[in-house]
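Residue numbers (the numbering used here): 92 to 675.
To start, the structure under review is shown below, and the notes come after it.
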Amino acid sequence: MIFSIRTDNPHRHYIQIEARFQISHIDSFIFQLSSWRPGRYELGNFAKNVRKFKVLNSWGEELNFQKLNKDRWEIYLPHASNELEEFIIQYEYFGVTLDAGSSFLDHLQLYINPVNCLGYVESLKNQPIQLYIHIPDLYNYGGALKINKALSKEHVKVLEANDFEHLADSPFIFSPELKSYNFKNAKTDFYIHINGANTLDINRFISDVNAYTETQTQIFGELPCDDYHYLIHFLPWHYRHGVEHSNSTVIVEGPGNEFHTEENYRDLLAICSHELFHLWNIKRIRPSEMWPYDYTKENYSKLGYVYEGITTYYGDYALLKSKVFSFQNYLEQFNKDLQRHFDNEGRYNYSVAESSWDTWLDGYVPGSPGRKVSIYVEGMLSALWLDLSLRLKSSHQINLDLFMRDLYENTWKINSPYTEELLHQIISSYDEEIANNWFQLFVHGKAYIEKLLPEILLEYGLILEPNPSPLFWENNYGMKISFSEKYPRITHVLEGSNADLAGISTNVHILSINGIDGDDSNTQKDLFKGNDLLLIKTPFDTRLIQLNSDQKNIHYQKWELKKIELASETQKTNFENWSGHKFD
Ligand SMILES: [Zn+2]
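What follows is the structure in structure tokens.
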């Protein structure tokens, strides 16, 4: 199959796509555009970006087709043929979203995630693919697909993929501004392709990427690819998104002119380390439900606590272990996730396994309050408990690294996926009680993290500590408020909090506090004094609500993980074994 890609009027954001291929013996065939993209376990509905779809035979005659569903076309041939015959599918794809999983075209770049804009003819899915990209010669290329130099010519670069799976998994960028850097780690060539203005210290970045790569590679014993590509877009506005691939990742962060600051720099490292860990955990170690990926529909799985949760744990842990992060740096990342855990009442209502299944329903939006949990956050905290428990019970002979290594050996290395049964079997071979507790309580149970995690953390000289929220309305009323609009908007209300008991809903505005209408967000914040009287505006009426500011009822707290002050030698040794850092 040969794709030809043109960018005739880049300011319109439409990418012109043409697919040429030969088939025979048929009276109809199927063309499919992916319904979703691996890495985001929800439907993507990419076909909504397609226009001017048509199919031609080699004589240039248009063929009839009909859509069987939102992203599946059936094309009818006037007569069945025993001869190989050439067909051409043409369409335009609207590439206007610049995140880590979309496609984007303007006068400065062509950025393609093939999984969302390049479809496949079902019977040809496993055949090699060539992409003829019509692009000015001054545009630099970054991506994992190789350029065929012999076929490329002036204004045309030819990229090659082994099959659709390979193509779908290989995003690329063409841009005159694109800068590429490379270095070697063990036998693998690493490339960092950066697009967009930024203040990143590239030499420091390469050195840190090298360090966490070593740590991650040691876990699995090998880097399973010859070359690996970081495709990094820096945007002028706040943004954070990363998507993993088999030997590349796309990362979008912003604002690019703030990456000299330690906080943003560390955040970039955290996302890069997370995505690299996916190189093993999901791109190779993969659940049976996605082995292979089915691009036509939802690939439901309860195992998100492995592919996103354990990856989230290791993304930061590898930075700690490789000494790129100090323990204080690690805590800053960890405490953000910890806060997300404690702020979410969904942990009382839905397990992480159930939430994994439902990513296809509402996994990437806040959704109904208190309904579900994050597979990233709950999976990470569950992985921490598992790691610390295995270490403690085996006097540090067994740990999560060993589990990941065994999982890799028992799946990817023997060309096989995993199931929950296999995970259970491997952990049980280390310790049956830990395996049973992990699956029953952390994976399928609800709200066990705060019951069981503190006990194991204490063995490592660490405590989970609640502090009063510094925000008066969170601490006293159990509600969160956004001050970004003219009138403050109540965004969350905890069930059983003073705000809830007073009858306050979410998404209502506060017109005045104690009779005073604040002019801006600063004065509005200062109007809370205690036992406040709010004038609330709902879509249908306004009403006065009297709040009670005692703290007897549930309210928001600020949580942090900390070292205890007087740790014993055993606690210190446990900590040092796990973290690779001195306790003091
Ligand atoms: Zn991830």
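For glycine and all other residues, C-beta sits at the position ideal for the given N, C-alpha and C.
A quick note: this is a predicted structure, and the numbers were derived from the prediction, not measured.
Beta bridge counterpart(s) of residue i as assigned by DSSP
i, result
"Ser119", "Tyr167"
"Pro460", "BP columns for Pro460 are empty, so no partner."
"Pro579", "Partner(s): none; Pro579 has no beta bridge."
"Arg331", "Glu344"
"Ile179", "Arg111 and Leu147"
"Asp197", "Gln200"
"Leu624", "Gln637"
"Gly234", "Phe263"
"Arg438", "In DSSP, Arg438 forms no bridge with anything."
"Pro559", "Gln648"
"Pro378", "Tyr509"
"Met570", "Val584"
"Lys244", "Val247"
"Thr290", "BP columns for Thr290 are empty, so no partner."
"Asn160", "Arg163"
"Arg142", "Glu183"
"Glu153", "Leu147"
"Tyr282", "Asn273 and His320"
Endpoints, the alpha helix (DSSP H) within which residue i is located
i, result
"Glu353", "Glu353 to His369"
"Ile226", "Careful: Ile226 lies outside any alpha helix (DSSP H) and carries neither H nor E."
"Gly345", "Unbroken run through Gly345 is the beta strand (DSSP E), Ser339 to Gly345; no alpha helix (DSSP H)."
"Val397", "From DSSP, Val397 is part of no alpha helix (DSSP H); its letter is neither H nor E."
"Val599", "Where Val599 is concerned, there is no enclosing alpha helix (DSSP H), although the beta strand (DSSP E) it sits in stretches over Val599 to Ile604."
"Phe530", "From DSSP, Phe530 is part of no alpha helix (DSSP H); its letter is neither H nor E."
"Lys616", "Ser612 to Asp617"
"Arg482", "Ile466 to Lys484"
"Thr450", "Thr450 to Asp453"
"Glu676", "For residue 676 there is no data in the structure shown, the boundaries of the chain being 92 and 675."
"Gln662", "Glu660 to Ser670"
Distance, residue j Cα to residue i Cα
i, j, result
"Gly130", "His332", "11 Å"
"Tyr202", "Ser194", "5 Å"
"Ile581", "Ile466", "26 Å"
"Ile220", "Glu389", "25 Å"
"Arg97", "Gly470", "42 Å"
"Glu245", "Leu258", "23 Å"
"Ser659", "Phe325", "46 Å"
"Asn273", "Tyr232", "14 Å"
"Pro561", "Gln637", "22 Å"
"Glu576", "Gln642", "28 Å"
"Asn501", "Ile238", "34 Å"
"Ser588", "Ala538", "19 Å"
"Asn605", "Gly594", "17 Å"
"Phe666", "Leu491", "15 Å"
"Arg142", "Val187", "14 Å"
"Ser573", "Pro579", "6 Å"
"His123", "Ala277", "Residue 123 is actually Gln in this sequence, not His. Approximately 39 Å, taken between the alpha carbons."
"Ala110", "Asn253", "16 Å"
"Gly536", "Ser670", "28 Å"
"Thr664", "Val599", "51 Å"
"Gln307", "Gly395", "20 Å"
"His170", "Ser115", "10 Å"
"Phe265", "Gln200", "6 Å"
"Leu618", "Leu291", "41 Å"
"Trp451", "Val341", "22 Å"
"Leu360", "Asp118", "53 Å"
"Gly192", "Leu209", "13 Å"
"Ser447", "Glu335", "18 Å"
Any non-hydrogen atom of ligand 1 closer than 7 Å to residue i Cβ
i, result
"Thr402", "yes"
"His335", "It is worth fixing the name first, because residue 335 is Glu in this sequence and not His. It does: the Cβ of Glu335 is within 7 Å (strictly closer) of some heavy atom of ligand 1."
"His672", "no"
"Glu550", "no"
"His365", "yes"
"Lys369", "This sequence places His at residue 369; Lys is not what is there. Checking every heavy atom of ligand 1 against the Cβ of His369, one is found closer than 7 Å."
"Glu399", "yes"
Beta strand (DSSP E) segment containing residue i, residue limits
i, result
"Lys275", "Lys270 to Asn276"
"Tyr319", "Asp318 to Phe325"
"Glu213", "No beta strand (DSSP E) contains Glu213, which DSSP labels as neither H nor E."
"Phe350", "Where Phe350 is concerned, there is no enclosing beta strand (DSSP E), given that its DSSP letter is neither H nor E."
"Arg103", "Here Arg103 belongs to no beta strand (DSSP E), and DSSP marks it neither H nor E."
Below-8 Å beta-carbon distance, residue i vs any chain C residue
i, result
"Asn100", "Of the chains in the structure shown, none is chain C; there is only one protein chain."
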